[in-house]
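Asks: Here you go, one structure.
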Amino acid sequence: TWLRQWVTPRAQDEDMALRERAVYALCVPMLILYAIFTVLDAGALALGEGIWEDLLADLFGGLALLGVYVVTRRGRVRAGSIALVIVYLVVVGFYTVREGYQSISSLLLMVAIVGAGLSLGARPGFIVATLSAALYGIAALAQSQGWFTPAYELSAMDNVLLFAVLVYLLAG
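In terms of our numbering, the sequence shown opens at residue 3 and continues consecutively.
Structure, rendered in structure tokens:
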């Protein structure tokens, strides 16, 4: 199939091919989602109902993940893996500030942890897990102390839909 040619690992080493496959599994679905979100947010903006920050966040996420894909596809699997984890942490940071620490988007921290563990190994996975827990704790403390107020709250239905997307991303 056409998708298989885009996600088939090029690495000859079996361990490196597994790591490459993990990067693709966490990168390509989100890249497709960002493309869809970009079109939807651009359409909403054109109708006068959108928010510039949404479109910019979509473009940043999509371009960053495209960069991760290209770097990984060129054989720099470790660099692509590190970049993937960084992109996920930045995206979670954005959504945490925007929607608050209670947002379902914080599940993306799990994706960053799983991605680090699968594509970089156990030790980097534990480091990213520790960093993620610390960042989440700081965000919860800052919000509960009133140091920042989320700019936007998702509805219950938005959270359910986002949860479903993230669960399927983790399952992939």
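We put the CB at the ideal spot given by N, CA and C, even for glycine.
Note that this is a predicted model, so its numbers are computed, not measured.
Could you check how far apart the C-beta atoms of Y97 and G64 are, in whole angstroms? I think they sit under 8 Å.
Replies: On the sequence shown, position 95 is the one that residue 97 refers to. On the sequence shown, position 62 is the one that residue 64 refers to. With 8 Å as the limit, Y97 and G64 do not qualify as a contact, their Cβ atoms being about 15 Å apart.
Asks: Report back the beta-carbon spacing between A85 and G69 to the nearest angstrom; my notes put them in contact at under 8 Å.
Replies: Translated into the one-based positions of the sequence shown, residue 85 becomes position 83. Translated into the one-based positions of the sequence shown, residue 69 becomes position 67. That belief holds up - the Cβ atoms of A85 and G69 are roughly 7 Å apart, short of 8 Å.
Asks: Do Y71 and L33 have their beta-carbon atoms positioned less than 8 Å apart in this structure?
Replies: Stepping through the sequence shown from its first residue, residue 33 is reached at position 31. Stepping through the sequence shown from its first residue, residue 71 is reached at position 69. Contact flag set, yes.
Asks: Could you pull out every residue in the same chain whose Cβ sits closer than 6 Å to the Cβ of P152, ignoring the five residues on either side in sequence?
Replies: Indexing the sequence shown from 1 puts residue 152 at position 150. So the qualifying residues of the chain are E101, G102.
Asks: Between L49, T40, L47, T74, which lies nearest to L20 when the distance is taken from Cα to Cα?
Replies: Position 18 of the sequence shown, counting from 1, holds the residue named residue 20. Looking at the Cα atoms, T74 is the closest of the given residues.
Asks: Just to confirm the assignment, what range does the alpha helix (DSSP H) spanning D17 have?
Replies: To locate residue 17, count along the sequence shown from 1; it is residue 15. Per DSSP, D17 belongs to the alpha helix (DSSP H) from 16–48.
Asks: If you drop the 5 nearest sequence neighbours on each side, which residues of the same chain put their C-beta closer than 7 Å to that of A118?
Replies: Numbered from 1 along the sequence shown, position 116 holds the residue referred to as residue 118. Within the same chain, A118 has close Cβ partners V87, P126, G127, V130.
Asks: So which of Q7, T40, A13 has the shortest CA-CA distance to L61?
Replies: For the purposes of this step, residue 61 is taken as the residue at position 59 of the sequence shown. Per the Cα distances, T40.
Asks: Taking the alpha helix (DSSP H) that W8 belongs to, which residues open and close that run?
Replies: The sequence position of residue 8 within the sequence shown is 6, counting from 1. Run containing W8: 4–9, per the alpha helix (DSSP H) assignment.
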